[in-house]
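Written out below as structure tokens is the structure these notes cover.
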Amino acid sequence: MSTLYSTKVTAVGGRAGTIKSDDGLLDLPLALPKALGGKGDATNPEQLFAGGYAACFENAVIHVSRSAADKVKDDDIAVVATVGMEPNGQGGFVLTVALDVTITGVDQETAEEIVAKAHAACPYSNAVKGNIDVAITVATN
Numbered sequence: 372m373s374t375l376y377s378t379k380v381t382a383v384g385g386r387a388g389t390i391k392s393d394d395g396l397l398d399l400p401l402a403l404p405k406a407l408g409g410k411g412d413a414t415n416p417e418q419l420f421a422g423g424y425a426a427c428f429e430n431a432v433i434h435v436s437r438s439a440a441d442k443v444k445d446d447d448i449a450v451v452a453t454v455g456m457e458p459n460g461q462g463g464f465v466l467t468v469a470l471d472v473t474i475t476g477v478d479q480e481t482a483e484e485i486v487a488k489a490h491a492a493c494p495y496s497n498a499v500k501g502n503i504d505v506a507i508t509v510a511t512n
């Protein structure tokens with residue numbers, strides 16, 4: 372298989388440092404969240420992961436709905452990703468993920484079918500499968 376896309380991002384200074392992509396489009400300071408004792412005056416890795424997962428999952432919904440009888444418009448989908456961090460009981464940490472997906476213009480059963488297919492197709496979902504339990508709720512408007 373050939374790689375469809377790859378990117379490179381360099382982190383310097385850990386959670387209180389910076390990140391920068393090799394093309395310069397991503398260039399951000401990082402800060403430890405206030406909830407973890409930091410200043411909270413910049414983004415953090417969990418926010419970046421949540422944003423990436425939400426956008427990728429929404430695109431997976433778009434992708435799988437294109438072949439469905441009930442095509443969903445891009446603006447009719449909203450994905451809210453909540454990423455948390457918990458101690459793992461062994462001195463380390465684990466992530467928690469919840470995805471709240473809302474699709475306008477389809478019935479609940481159709482929305483649930485689309486989201487299940489999207490979860491199977493999404494690269495983020497596949498990357499965390501077996502490692503992070505992803506709680507998914509589906510709603511319609």
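The numbering of the sequence shown is the working numbering, which starts it at 372 and goes up by one. Cβ coordinates follow ideal geometry from the N, Cα and C atoms, glycine included.
- A residue is called buried once 16 or more other Cβ atoms fall within 10 Å of its Cβ, and E480, having fewer, is exposed.
- Separation of the CB atoms of V477 and V443 is rounded to 6 angstroms, and the pair is thereby assigned contact status at 8 angstroms.
- Cβ contact annotation for T475 (same chain, cutoff 6 angstroms, sequence separation greater than five): D447 and N512, in chain order.
- With fewer than 16 other CB atoms across the displayed protein chains lying within 10 angstroms of its CB, H434 is exposed.
- For P400, DSSP records a beta bridge to T389.
- Taking C-beta separations shorter than 7 angstroms and ignoring five residues to either side along the sequence, the partners of E417 in its chain run V454 and M456, following chain order.
- Of the other Cβ atoms in all chains shown, fewer than 16 fall within 10 Å of the Cβ of F464; this residue is therefore exposed.
- If you draw a straight line from the Cα of N415 to the Cα of Y424, it comes to about 14 angstroms.
- Relative to G384, the option among T378, G501, M372 and L399 whose CA is nearest is L399.
- Under the three-state reduction of DSSP, G455 is assigned to strand.
- G409 is positioned such that its CB atom lies closer than 7 angstroms to that of A402.
- For the 7 angstroms CB-CB criterion, V505 and V472 do not form a contact.
- Looking from the CA of T378, the closest CA among G388, A387 and D393 belongs to D393.
- A426 counts as exposed, since fewer than 16 other beta carbons sit within 10 angstroms of its beta carbon.
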